[in-house]
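A short write-up of the structure that comes next.
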Amino acid sequence: MKNLVILGAGTSGTMMANHLRPKLYHNEWNITIVDQYKTHYYQPGFLFLPFDTYTEDQVKKVGKKLIHKKVDYIQKKIEKIIPEENKVELEDETLDYDVLIIATGSKIAPEETEGLVGPLWKKDIFDFYTYEGALALRDKLREWEGGKLVVHITEMPIKCPVAPLEFAFLADSFFRKKGMRDKVDITYVTPLTGAFTKPTCSTALAYLLKDKNIHMESDFSIMEVDNETKEIVDYEDRRIPFDLLVTIPTNMGDEVIERSGLGDDLNFIPTDHNTLQSLAHENIFVIGDATNVPASKAGSVAHFQAETLTDNILLYIDGYPLKKEFDGHANCFIETGNNKALLIDFNYVTEPVHGKFPFAKIGPLNLLKESVFNHWGKLAFRWIYWNMLLKGIPIPFVSRNMSFKGKVFDIKPEIK
Amino acid sequence: MSVKTIAGVEVNVSEEGYLEDMSQWNEEIAKEIAGEIGIELTPKHFEVLNYLREKTAAKEALTIRKVGKSGIVDIKELYKLFPKGPLKFSSKIAGIPKPTSCI
Chain A
1 MKNLVILGAG
11 TSGTMMANHL
21 RPKLYHNEWN
31 ITIVDQYKTH
41 YYQPGFLFLP
51 FDTYTEDQVK
61 KVGKKLIHKK
71 VDYIQKKIEK
81 IIPEENKVEL
91 EDETLDYDVL
101 IIATGSKIAP
111 EETEGLVGPL
121 WKKDIFDFYT
131 YEGALALRDK
141 LREWEGGKLV
151 VHITEMPIKC
161 PVAPLEFAFL
171 ADSFFRKKGM
181 RDKVDITYVT
191 PLTGAFTKPT
201 CSTALAYLLK
211 DKNIHMESDF
221 SIMEVDNETK
231 EIVDYEDRRI
241 PFDLLVTIPT
251 NMGDEVIERS
261 GLGDDLNFIP
271 TDHNTLQSLA
281 HENIFVIGDA
291 TNVPASKAGS
301 VAHFQAETLT
311 DNILLYIDGY
321 PLKKEFDGHA
331 NCFIETGNNK
341 ALLIDFNYVT
351 EPVHGKFPFA
361 KIGPLNLLKE
371 SVFNHWGKLA
381 FRWIYWNMLL
391 KGIPIPFVSR
401 NMSFKGKVFD
411 IKPEIK
Chain B
1 MSVKTIAGVE
11 VNVSEEGYLE
21 DMSQWNEEIA
31 KEIAGEIGIE
41 LTPKHFEVLN
51 YLREKTAAKE
61 ALTIRKVGKS
71 GIVDIKELYK
81 LFPKGPLKFS
91 SKIAGIPKPT
101 SCI
């Protein structure tokens, strides 16, 4: 018997287990998946928890129940990967593997920023990239009486790069509905050149911040949080005051990657952009947030990667060359508040464009334009996630590579 | 994309003035782009620029953190060399693509 081991039972790991089990003979291959936690979270839902749009129960399930019954699920901590010996050390046992899939994801590392985990942490400073953080922020927002709200990105890359912007948009709607928008000042702070860094998007979407009266501070690389004066401070001593800071801390790959010496300085694993094979070891494959590929760290990307990686694992096992197929395809709904959303579709090289999706000219979804339909799409996606995506059931008409049908290349970026 | 003459050389640039093909770059081009931004390049600047170009050629994504750990400069020094947006200005001068997010 041969062993295929998957590390991490999040979105990517779960999909890989469910894709591969029916495709590998049971008398030839064992599949084992390891995760130290019991609960599988629907992470896109963390955006909605703080605003009381989703309840706790809507964003979590028992991880094991989402995985094919013929896959061994081990709920233990992973101590170390030893590629030279094809072994993975768990807290009290060692697994041998023939093929390893690393899907250990990324998580926030607030301790990387001085003063972030200080006296104000979880009092006036919150994250919403963890379940606990999103709930703590919800409790704060229920009571908060207004002031300066600062939505802040520490550094790139982050999981779901548009989530902070969505948070700012939803906050605008939330406070309007509560009749207290005039008491809240919203500032969006980014280390990048703007909220929208791709020319097509800054042209098509610049109006959003203006309409919602959200102030922007760009090119801000945080050095520390001043807990005394309640300000975030950058390396040039630019200071932005806050009453409530919602921050996206530095995102890093799992510590096990660092312990195993497999990652870069943020613990992300150097991975072939198109095959998803690890650059250092040919029988190790990497998927989702754990890779260092320059695609968005997002569930939709993991979903498209999973389809390519499934084929590549089967090719690898049979000794065939791998498909250089993955193109960085991402397809994301972006909540813009007031029950509207945008949809963007892009890859490594093509910027988001106008058009209809998934059917050319018909839609029903609109690319790069706000619509109520897109918002319903985002809400419907939660059902699709639990019932189709994780199970490896193909989502009809949505292909792994970006399609150019129905795309309209009509946006002339502004010349600066 | 458009063609622009920088330091006497015709180069392809993006709408925002970033070189489209990093192989068209040379030190004179760097000096001229830096001049437009208001930065006078020193040998230290060139150490950073060469580091950025090496990493880009190796297809590694660049972040301020990464440059800060390069052993060439720390983040404060990087800001001193390229004030008000160290990564975007250094990338522009180094002839590599602009750092972007997904939208």
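Listed in order, the protein sequences are those of chains A and B. Position 392 (the first sequence) corresponds to 392 in full-length UniProt numbering; numbering is contiguous. Position 2 (the second sequence) corresponds to 2 in full-length UniProt numbering; numbering is contiguous. Glycine residues also receive a C-beta, built at the ideal position from the N, C-alpha and C atoms.
{"query": "Going by beta carbon distance, what residues of the same chain come within less than 6 Å of A9(A), once the five residues before and after it are set aside?", "result": "I33, D35, G63"}
{"query": "Within the continuous alpha helix (DSSP H) that includes residue 417(A), where are the two ends?", "result": "Within the shown structure, residues of chain A are numbered from 1 to 416, placing residue 417(A) beyond reach of any answer."}
{"query": "Distance check for L49(B) and L81(B), CA to CA, integer angstroms please.", "result": "11 Å"}
{"query": "Counting only C-beta atoms, is P199(A) closer than 8 Å to chain B at any point?", "result": "yes"}
{"query": "Does the beta carbon of N292(A) sit closer than 8 Å to a beta carbon anywhere in chain B?", "result": "yes"}
{"query": "Would you say S221(A) and I37(B) are within 8 Å of each other, going by their C-beta atoms?", "result": "no"}
{"query": "Using a Cβ cut-off of 9 Å, pull out every chain A residue sitting near K69(B), in sequence order please.", "result": "D265"}
{"query": "Measuring CA to CA, which of Y129(A), S173(A), R142(A) is closest to H152(A)?", "result": "Y129(A)"}
{"query": "What is the residue span of the alpha helix (DSSP H) that F174(A) lies within?", "result": "163–177"}
{"query": "On the three-pair Cβ rule with 8 Å, is the stretch 309–320 of chain A touching the stretch 180–187 of chain A?", "result": "no"}
{"query": "Bridge partners of C332(A), per DSSP?", "result": "I344(A)"}
{"query": "I'd like to know whether the C-beta atoms of F167(A) and V99(A) end up nearer to each other than 8 Å.", "result": "no"}
{"query": "Within the same chain, show all residues whose beta-carbon is closer than 7 Å to that of T39(A), passing over the 5 residues directly before and after it, in chain order.", "result": "K60, V62, G63"}
{"query": "Where do the N-terminal and C-terminal ends of the beta strand (DSSP E) with L4(A) fall, by residue?", "result": "2–7"}
{"query": "On the DSSP bridge assignment, give the partners of V3(B) in chain order.", "result": "N12(B)"}
{"query": "For the beta strand (DSSP E) that contains T187(A), what are its first and last residues?", "result": "184–189"}
{"query": "So, is V13(B) buried or exposed, given that buried needs 16 or more other C-beta atoms within 10 angstroms?", "result": "buried"}
{"query": "Name the residue from C332(A), G146(A), K407(A), K369(A) whose alpha carbon lies nearest to the alpha carbon of A380(A).", "result": "C332(A)"}
{"query": "Under 8 Å, do I248(A) and I158(A) count as touching if we go by C-beta distance?", "result": "yes"}
{"query": "Give me the DSSP bridge partner(s) of P358(A).", "result": "P364(A)"}
{"query": "According to DSSP, is G10(A) helix, strand or coil?", "result": "coil"}
{"query": "In angstroms, rounded to a whole number, what distance separates the CA positions of L62(B) and P99(B)?", "result": "7 Å"}
{"query": "Return the first residue and the last residue of the beta strand (DSSP E) that H215(A) is part of.", "result": "214–217"}
{"query": "What's the gap between the Cα of R238(A) and the Cα of R53(B)?", "result": "29 Å"}
{"query": "Let's test the definition: count the other Cβ atoms within 10 Å of the Cβ of N26(B) and tell me whether it reaches 16, buried, or not, exposed.", "result": "exposed"}
{"query": "Closer than 8 Å, CB to CB, is residue 106(B) near chain A or not?", "result": "This structure does not reach residue 106(B), given that chain B is present from 1 up to 103, and the question cannot be answered."}
{"query": "Taking the alpha-carbon positions, what's the E414(A) to S23(B) distance?", "result": "The pLDDT assigned to E414(A) is 45, lower than 50, so where the model puts this residue is not dependable; a value taken from the coordinates is nonetheless given after this. Straight-line Cα distance between these residues: approximately 26 Å."}
{"query": "Would you verify that the beta carbon of K39(B) is, or is not, closer than 8 Å to some beta carbon of chain A?", "result": "Correcting the residue type first, residue 39(B) is Ile in the shown sequence and not Lys. No, no contact with chain A."}
{"query": "Between P413(A) and chain B, is any beta-carbon pair separated by less than 8 Å?", "result": "Residue placement at P413(A) cannot be trusted, given a pLDDT of 47 that sits under 50; the coordinates are not used to answer."}
{"query": "Check each candidate in K323(A), T94(A), Y131(A), E84(A) and name the one with the smallest Cα separation from residue 417(A).", "result": "Nothing can be reported for residue 417(A): it is not among the residues displayed for chain A, which extend from 1 to 416."}
{"query": "Can you name the start and end residues of the beta strand (DSSP E) that L135(A) belongs to?", "result": "No beta strand (DSSP E) contains L135(A), which is instead part of the alpha helix (DSSP H) from 131–143."}
{"query": "Is there contact here, the stretch 270–277 of chain A with the stretch 111–126 of chain A, by at least three beta-carbon pairs under 8 Å?", "result": "no"}
{"query": "What are the complete alpha helix (DSSP H) segments, minimum 4 residues, inside the stretch 21–88 of chain B?", "result": "27–37, 43–57, 64–68, 75–81"}
{"query": "Can you check whether the C-beta of I103(B) is within less than 8 Å of a C-beta belonging to chain A?", "result": "yes"}
{"query": "Run through the stretch 25–63 of chain A for me and flag every whole beta strand (DSSP E) of 3 or more residues, listed as ranges in chain order.", "result": "29–34, 39–41, 60–62"}
{"query": "Tell me whether R138(A) is buried or exposed, calling it buried when 16 or more other Cβ atoms sit within 10 Å of its Cβ.", "result": "buried"}
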